[in-house]
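*Asks:* Got a structure here, written out as structure tokens. Questions coming.
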Amino acid sequence: MGRRIQGQRRGRGTPTFRAPSHRYKADLEHRKVEEGDVVDGTVVDIEHDPARSAPVAAVEFEDGDQRLVLAPEGVGVGDDLQVGVSAEIARGNTLPLREIPEGVPVCNVERQPGDGGKFARASGVSATLLTHDRRAAVVQLPSGEIRRLAPDCRATIGVVAGGGRTEKPLVKAGNKHHKMRARGTKWPNVRGVAMNAVDHPFGGGGRQHPGKPKSISRNAPPGRKVGDIASRRTGRGGKGGGDN
2 MGRRIQGQRR GRGTPTFRAP SHRYKADLEH RKVEEGDVVD GTVVDIEHDP ARSAPVAAVE
62 FEDGDQRLVL APEGVGVGDD LQVGVSAEIA RGNTLPLREI PEGVPVCNVE RQPGDGGKFA
122 RASGVSATLL THDRRAAVVQ LPSGEIRRLA PDCRATIGVV AGGGRTEKPL VKAGNKHHKM
182 RARGTKWPNV RGVAMNAVDH PFGGGGRQHP GKPKSISRNA PPGRKVGDIA SRRTGRGGKG
242 GGDN
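Under our numbering, think of the first position of the sequence shown as 2, with each following residue one higher.
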């Protein structure tokens, strides 16, 4: 019998494959504010969170509450932020979608009122508020998808800081190593065809090729279930290539 393949090792859930969530700073949810209230806060620091690609801002509110929030572009130490229904329409302020003018870029948008923010949280991204009325707010997400959300869903005005991150090359393998290690991702990943026969069903042989059909049953046992799982058809199509 061959050795366990990486998919089997990952399923066991050892620390090698688990995210180091004990290093993460916070969930970065919107502060809960009563209807009609506005709470002022001041940015006291800009920090790095290993859990995400964007910088986070440490905010101290006037009532003594301290929390981390996603930092929009242009927000720095000493800036004042507001959270609430009557907050000003300014970068970094958080308020319901129904109070935000149409066409304004927003980030950390809630899916359901009070869930703290689910959409547009990665570095350099933002959603666009297309229109809103008493029943719904229409928002275009960074992927281009258009969503109808409750008008009471909150969002932060502005674009998430850290834009252009994907344009900077990693340059060397060491940088990629540290990037993957922060998220608990196993790296590097060796291709199955490059392994020995004992290590993977596609391994072995004088050259790098699977050596057998890649189609495999959905009921195949772990360790053999690699390749095109329960595929209806394979190949590029063409004559006799299967169902049209």
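Glycine residues also receive a C-beta, built at the ideal position from the N, C-alpha and C atoms. Just so it is clear, the structure is predicted and the values come from calculations on it, not from any experiment.
So, helix, strand or coil for G12, using DSSP?
*Replies:* If DSSP states are grouped into helix, strand and coil, G12 belongs with the helices.
*Asks:* Give every residue of the same chain whose Cβ lies closer than 8 Å to the Cβ of R166, excluding the five residues on either side of it in the sequence, and list them in chain order.
*Replies:* Contacts found: S54, S124 and G125.
*Asks:* Would a check of beta-carbon distances place Q9 closer than 8 Å to chain B?
*Replies:* Included in the structure is just one protein chain, with no chain B present.
*Asks:* Going by the CB atoms, is the gap between V107 and A88 shorter than 8 Å?
*Replies:* Their beta carbons are not under 8 Å apart, which means A88 does not touch V107 by this criterion.
*Asks:* Can you tell me whether G12 is buried or exposed? The criterion is at least 16 other CB atoms within 10 Å of its CB, across all chains shown.
*Replies:* The residue in question, G12, is exposed, as its Cβ has fewer than 16 Cβ neighbours within 10 Å.
*Asks:* Starting from R68, follow the beta strand (DSSP E) in both directions and report where the run begins and ends.
*Replies:* Residues Q67 to L71.
*Asks:* Return the chain-ordered list of same chain residues with a C-beta closer than 6 Å to the C-beta of P16, the five sequence neighbours on each side being excluded.
*Replies:* Counting only Cβ-Cβ distances below 6 Å, and skipping sequence neighbours, we find nothing.
*Asks:* Throw me the rounded Cβ distance for the V76 and R99 pair, which I believe falls under 8 Å.
*Replies:* About 23 Å; that fails the 8 Å criterion.
*Asks:* When you compare each of R5, A59, V140 and S22 to T186 by their alpha carbons, which one comes out closest?
*Replies:* For T186, the nearest C-alpha among the options comes from S22.
*Asks:* For H31, which of helix, strand or coil comes out of DSSP?
*Replies:* The answer is coil: DSSP assigns H31 none of H, G, I, E or B.
*Asks:* I'd like to know if the stretch 197-207 and the stretch 144-156 are in contact, where contact means that at least 3 CB-CB pairs between them fall below 8 Å.
*Replies:* With a cut-off of 8 Å, the stretch 144-156 and the stretch 197-207 do not count as touching, because too few Cβ pairs lie within range.
*Asks:* Consult DSSP for Q7 and reduce its assignment to one of helix, strand or coil.
*Replies:* Three-state DSSP puts Q7 in a helix.
*Asks:* Helix, strand or coil for G150? Go by DSSP, reduced to three states.
*Replies:* A small correction: the amino acid at residue 150 is Leu; Gly does not occupy that position in the sequence shown. Three-state DSSP puts L150 in a strand.
*Asks:* Looking at E48 and L69, is the spacing between their C-beta atoms short of 8 Å?
*Replies:* Taking 8 Å as the Cβ cut-off, L69 and E48 qualify as a contacting pair.
*Asks:* Using DSSP with H/G/I as helix, E/B as strand and the rest coil, what is E100?
*Replies:* The answer is helix: DSSP assigns E100 an H, G or I state.
*Asks:* From R208 to V57, what distance separates their C-alpha atoms?
*Replies:* When rounded, the distance between both Cα atoms is 49 Å.
*Asks:* Does the Cβ-Cβ distance between E30 and G42 come in under 8 Å?
*Replies:* Not closer than 8 Å, so no.
*Asks:* Return the CA-CA distance between N245 and T235, expressed in angstroms with no decimal places.
*Replies:* A caution first: N245 carries a pLDDT of 47, below 50, which makes its placement in the model unreliable, though a value can still be read off. About 12 Å.
*Asks:* Just grab the DSSP bridge partners of A156 for me.
*Replies:* Looking at the DSSP assignment, A156 forms a beta bridge with L96.
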